[in-house]
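Asker: Next up is a structure, given as structure tokens.
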Amino acid sequence: MDNSEMRKDIPGVEIFPGVSRQKEYYRKETAWHRDWKLAFPASFREIAFSDTANSNIHRADIFTPSGYTIEFQNSPITLAELNSREAFYPNLIWVLNGKKFKGFKILKHLPDVDDPRLEGYEFCHSDHLSMVRKTEIIQEIPNPKILNFYHPELKGVKLTSNLYSFCWKQPHSVWYSATAKIIIDLGGHFLYELKQRKQLNGNYPYLKMISRKTFIDWHTPPEI
């Protein structure tokens, strides 16, 4: 399917006619940014859209025939810009250059955060893998009892091989406000989706590991 057909059903948005699909539009960008775009077919790259509501031009790093926009972000972004792009692209995926994050470290394997056995518990916001009872949070007990996974209440809960806790000493907090999917690229064969578990004591951010190849294959139809 031609990418120009994908947004015709969205009022006020159209493929910008002045930019050829075959001609690459190169902004000042890093090798990281360029290498990511080259992982996708040329017809997916640098697709420009005209927003007739405010006469702006939006240029997607990658726009797939299935209607997904993938934006590769090498540097921090303002909340206003984040909201602007997420409002414009209905199926947006952010890919962040995690190698530039300061104080970012993957820590421990996590259990399935949606395991029914953990419904009555909340993860602690610390570098140590531990939980507290939700009832103690509701009761506003000043120092709820901290439970590790050797405690009898949690001992039977198995850890996964693809979910991880992490620490980020100097976080770009704007990313925690994103509504679109966020993928962190730390280099190598694996990527990490930034996810959050809703909790009374504050959402608990964690990582889900996926294969880089799998991510690219998901967004590249077999016939391409």
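In terms of our numbering, the sequence shown is residues 861 to 1084. Where a beta carbon is used, it is the ideal one built from N, C-alpha and C, also for glycine.
Using the Cβ count rule (16 or more neighbours within 10 Å means buried), how would you classify Gln933?
Answerer: If you number the sequence shown from 1, residue 933 lands on position 73. So Gln933 ends up on the buried side.
Asker: Would you check if the distance between the CB atom of Thr929 and the CB atom of Phe904 is smaller than 7 Å?
Answerer: Taking the sequence shown and counting its residues from 1, one reaches residue 929 at position 69. Taking the sequence shown and counting its residues from 1, one reaches residue 904 at position 44. No, they are not a contact pair.
Asker: To the nearest angstrom, report how far apart Gly975 and Val955 are at their CA atoms.
Answerer: Within the sequence shown, numbered from 1, the residue matching residue 975 stands at position 115. Within the sequence shown, numbered from 1, the residue matching residue 955 stands at position 95. Before going on, a small fix: residue 975 reads as Asp here, not Gly. Straight-line Cα distance between these residues: approximately 28 Å.
Asker: Look at the Cβ atom of Leu1051, then the Cβ atom of Phe1075, and state whether they are nearer than 7 Å.
Answerer: Counting from 1 along the sequence shown, the entry for residue 1051 is found at position 191. Counting from 1 along the sequence shown, the entry for residue 1075 is found at position 215. A contact, by the Cβ cut-off of 7 Å.
Asker: Since Tyr1036 sits in a beta bridge, which residues does DSSP pair it with?
Answerer: Along the sequence shown, one-based indexing puts residue 1036 at 176. Looking at the DSSP assignment, Tyr1036 forms no beta bridge with any residue, so it has no partner.
Asker: Looking at the unbroken alpha helix (DSSP H) that takes in Phe909, where does it start and where does it end?
Answerer: The count along the sequence shown starts at 1 and reaches residue 909 at position 49. No alpha helix (DSSP H) contains Phe909, which is instead part of the beta strand (DSSP E) from Arg905 to Asp911.
Asker: Looking at C-alpha atoms only, which residue of Asp987, Ala902 and Leu952 is the closest neighbour of Gly963?
Answerer: If you number the sequence shown from 1, residue 963 lands on position 103. Checked all of Asp987, Ala902 and Leu952; the closest Cα to Gly963 is Asp987.
Asker: Out of curiosity, what's the CA-to-CA distance linking Leu970 and Ala920?
Answerer: Locating residue 970 in the sequence shown gives position 110, where the first residue counts as 1. Locating residue 920 in the sequence shown gives position 60, where the first residue counts as 1. C-alpha separation (whole angstroms): 34 Å.
Asker: Between which two residues does the alpha helix (DSSP H) harbouring Asn943 extend?
Answerer: Against the sequence shown, residue 943 aligns to sequence position 83. Here the alpha helix (DSSP H) through Asn943 covers Leu939 to Phe948.
Asker: Taking the beta carbon of Glu906 as the centre, do at least 16 other beta carbons fall within 10 Å, making it buried, or is it exposed?
Answerer: Position 46 of the sequence shown, counted from the first residue, corresponds to residue 906. Buried.
Asker: Please classify Ser1100 as buried or exposed, where buried requires at least 16 other C-beta atoms within 10 Å of its C-beta.
Answerer: Outside the shown range of the chain, which is 861 to 1084, sits residue 1100, and nothing can be said about it.
Asker: Which same chain residues end up closer than 6 Å to Met1069 when comparing Cβ atoms and leaving out the 5 residues on each side of it in sequence?
Answerer: Residue numbering aside, residue 1069 sits at position 209 when the sequence shown is read from its first letter. Contacts found: Asn1022, Phe1050 and Tyr1052.
Asker: Near Val1034, which residues of its chain fall below 8 Å by C-beta distance, leaving aside the five closest residues on each side in sequence?
Answerer: Within the sequence shown, residue 1034 is the residue found at index 174, counting from 1. Contacts found: Pro936, Ile937, Thr938, Leu939 and Leu942.
Asker: Quick check on Lys994: does DSSP put it in helix, strand or coil?
Answerer: To locate residue 994, count along the sequence shown from 1; it is residue 134. DSSP places Lys994 within a helical segment (H, G or I) once states are collapsed to three.
Asker: Do you know offhand how far Glu979's Cα is from Val992's?
Answerer: Within the sequence shown, numbered from 1, the residue matching residue 979 stands at position 119. Within the sequence shown, numbered from 1, the residue matching residue 992 stands at position 132. Glu979 and Val992: Cα-Cα distance of roughly 11 Å.
Asker: Comparing C-alpha positions only, which one of Pro950, Cys984, Pro1002 and Asn914 sits nearest to Asn1008?
Answerer: As a first step, residue 1008 must be located in the sequence shown, where it is residue number 148. Measuring from the Cα of Asn1008, the nearest candidate turns out to be Cys984.
Asker: Alpha carbon to alpha carbon, how far is Lys888 from Lys1015? Give it in angstroms, no decimals.
Answerer: Numbered from its first residue, the sequence shown carries residue 1015 at position 155. Numbered from its first residue, the sequence shown carries residue 888 at position 28. Approximately 52 Å between the Cα atoms of the pair.
Asker: Kindly indicate the opening and closing residues of the alpha helix (DSSP H) around Phe1075.
Answerer: On the sequence shown, residue 1075 is found 215 positions in, with the first residue counted as 1. Taken as a continuous stretch (DSSP letters only), the alpha helix (DSSP H) holding Phe1075 covers Arg1072 to Trp1078.
Asker: Please classify Leu1087: does DSSP put it in a helix, a strand, or coil?
Answerer: Not covered by the structure: residue 1087. The range shown for the chain is 861 to 1084.
Asker: Give me, in chain order, the residues of the same chain whose beta-carbon lies closer than 6 Å to that of Tyr885; leave out the 5 immediate sequence neighbours on both sides.
Answerer: For the purposes of this step, residue 885 is taken as residue 25 along the sequence shown, with counting starting at 1. Per-residue confidence for Tyr885 stands at a pLDDT of 46, beneath the threshold of 50, marking its modelled position as unreliable; no derived number is given.
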